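In this note's numbering, the protein residues as written are 15 to 295.
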C-alpha cells in the first residue's frame, strides 16, 4: 500500500474510533442524567422484617435510607468513599441522657413540636449532624459502621455530585442530614396522630396527612403480607425534591421504585403501597 493510502486508511480508522467513543460517551452521559432527588426514609422495624436479618433493638423512629437521584446510579466508580471526609458529621449514637428519654417514633434530639416548625434549625449545625443516630445501618446483620454509607455514596452520592451543593462527600451527607432535620418526618407523623399501633391505618391516612403538611404528593412503600399476615406493612416514605435547590415537589411516577431492595437479594421487596389497610409496627 502506498504511504498516502496508508495514511488515509489510518485516519479513517481513527475517525471511526472517535465516533464510537463519542457515541459511548453520550450513552454514558444519558445513563447518568437525572431530574430530581428523592429523600428516602425507612421504618427500621419493617426493614428488619424485610431483610430478615438479626436486628437487635432497631431505632423506634424513621431513619435515613438515602438521598437518591432518580434514574441514575454509580456515576463515578473512581471516586471511592472516604470515611475521613465525613468524620465531622459522626457523633455517638445516643447520649446517656437521650437513651433514658426516648420517645416512640422520635429520634434523639427530635421531639414532637420542636422540628422545622419549632425553630430546631436555629441550633448549631454540628449539634444536628449525627450520622449514627439518623443514618444507622439497619440493613446489614453485623454492620461495619460505615458500610451502609459507603454503599449510598458509591451508588447515589457520586451521581448527586452533579449539583454544587452535593459535590463532595461531606456536602452530600451533610445536606442529607439537613434535609432529614428540615422535613422532620417523625414529628410530622406524631403531630398528626399517626404512630405505631396494633390497629391498622389506611394508606390514605399517610398520603393525605403528608400531602397536607408538605403540600406535595409523597410515595409510600410497603412490605407485602407474608403467608401468616393479613395486611401490608409500611416500610418506606419518599419525598421528592428539585435537583438544584432541593425544594419539595410531587412524586408522581406510578409503580415500584427502581431502588427498593437496594442490592439485598434476600429481601421480600418493598413496593408502592396498595390502597387499603396498612400495619405500622
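Ideal placement from N, C-alpha and C gives every residue a C-beta, glycine not left out. Note that the structure is predicted; figures quoted are calculated from it, not measured.
Does the beta-carbon of residue 258 have 16 or more other beta-carbons within 10 angstroms, so that it is buried, or is it exposed?
Of the other Cβ atoms in all chains shown, fewer than 16 fall within 10 Å of the Cβ of residue 258; this residue is therefore exposed.
Cβ neighbour criterion (16 or more within 10 Å) applied to residue 234:
With 16 or more Cβ atoms within 10 Å of its Cβ, residue 234 is classed as buried.
Rounded to the nearest angstrom, what separates residue 180 and residue 252 at their Cα positions?
19 Å
According to DSSP, residues forming a beta bridge with residue 248
Answer is 236, bridged to residue 248.
Hey, which unbroken runs of the alpha helix (DSSP H) at 4 residues or more fall wholly within the segment 151 to 237?
161 to 166, 183 to 197, 199 to 205 and 217 to 228
Could you have a look at residue 253 and say whether DSSP puts it in helix, strand or coil?
strand
So if DSSP puts residue 46 in a beta bridge, which residue, or which two residues, is it bridged to?
DSSP, once it has assigned bridges, lists no residue as partnering residue 46.
Kindly indicate which residue of 214, 78, 56 and 122 has the alpha-carbon position closest to the one of residue 149.
78
Starting from the C-beta of residue 250, find all residues in its chain whose C-beta is less than 6 Å away, skip the five residues before and the five after it, and write them out in chain order.
56, 235 and 284
Contact between the segment 151 to 168 and the segment 65 to 80 (3+ Cβ pairs under 8 Å)
yes
Could I get the ranges of all uninterrupted beta strand (DSSP E) runs contained in the segment 67 to 108, with 3 residues as the minimum, in chain order?
Runs of the beta strand (DSSP E) spanning 3 or more residues and lying entirely within the segment 67 to 108 occur at 77 to 83, in chain order.
Tell me where the beta strand (DSSP E) around residue 291 begins and ends.
291 to 293
What's the gap between the Cα of residue 286 and the Cα of residue 99?
Their Cα atoms are separated by approximately 35 Å.
If you draw a straight line from the C-alpha of residue 292 to the C-alpha of residue 207, how long is it?
Each residue's CA atom was taken as its position, placing residue 292 and residue 207 some 15 Å apart.
Straight-line CA distance for residue 192 to residue 240?
So the two alpha carbons sit approximately 36 Å from each other.
Identify, in the order they occur along the chain, each residue of the same chain with its Cβ nearer than 8 Å to the Cβ of residue 247, setting aside the five sequence neighbours on each side.
Correct list, in chain order: 60, 63, 236, 237, 239, 292, 293, 294 and 295.
In terms of DSSP beta bridges, what is residue 12 paired with?
Residue 12 lies beyond the range of the chain shown here (15 to 295); nothing can be said about it.
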